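**Q**
In UniProt numbering, the protein residues as written are 1 to 185.
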């Protein structure tokens, strides 16, 4: 049995060298590999998150466009002019949906006067406004169906409006919040 520190290539009277601790090197290598994996995983996680956010944004825009198409299809079917999308209205509607989904405001029309005032000031000739809100786990068709089967919502859809904006946001629990704002100019 070899004594600790015995090295047959060296003179016997040299002080024993510290035994090489493979576990430290192994642990260090594992830490380096783990760190590299963590960086890779974090990078993949960030990429996945960014990709998921882009996908969610695309899905949200697609849903808003579907609602817009369905609303205009209904309006045209009863002899009304289609509503034109407006970026300023879209932003206000999206902000309200996001605030409801995030729990910053309760579901409903809280803050509508402020949204309406901002849009009336920003859009030349604006003189009337309305708003529909909805939350559901359903899709665009379900939202429009629900609105058309509610007298107050249907009144806005069939109202004397020329512009619209639609916001869609999904809460952590899977509920999706919808806001459609109507403006006449």
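The beta carbon of each residue, even a glycine, is placed where N, CA and C say it ideally should be. Note that this is a predicted model, so its numbers are computed, not measured.
Taking Cβ to Cβ, would you say residue 162 is nearer than 8 Å to residue 89?
**A** Cβ distance not < 8 Å, so residue 162 and residue 89 don't count as in contact.
**Q** Measuring CB to CB, does residue 155 end up less than 8 Å from residue 147?
**A** No, the pair does not count as a contact, with Cβ atoms beyond the cut-off.
**Q** Please go through the same chain and pick out, in chain order, the residues whose beta-carbon is closer than 8 Å to the beta-carbon of residue 84, but skip the five residues on each side of it.
**A** Result list for residue 84: 162, 163 and 164, in chain order.
**Q** Rounded to the nearest angstrom, what separates residue 103 and residue 64 at their Cα positions?
**A** Approximately 21 Å, taken between the alpha carbons.
**Q** Let me confirm a value: residue 76 is counted as buried when at least 16 other C-beta atoms fall within 10 Å, else exposed. Which label applies?
**A** Per the 10 Å Cβ criterion, exposed.
**Q** So, with DSSP's three-state summary, where would you put residue 182?
**A** If DSSP states are grouped into helix, strand and coil, residue 182 belongs with the strands.
**Q** Please go through the same chain and pick out, in chain order, the residues whose beta-carbon is closer than 6 Å to the beta-carbon of residue 132, but skip the five residues on each side of it.
**A** If we look at residue 132 and ignore the five residues flanking it on each side, its Cβ neighbours are 147, 153, 156 and 180.
**Q** Taking residue 132 as part of the beta strand (DSSP E), name the residues at either end of that continuous run.
**A** Here the beta strand (DSSP E) through residue 132 covers 128-136.
**Q** Would you give the residue range spanned by the alpha helix (DSSP H) that residue 148 belongs to?
**A** First-last of the alpha helix (DSSP H) with residue 148: 140-148.
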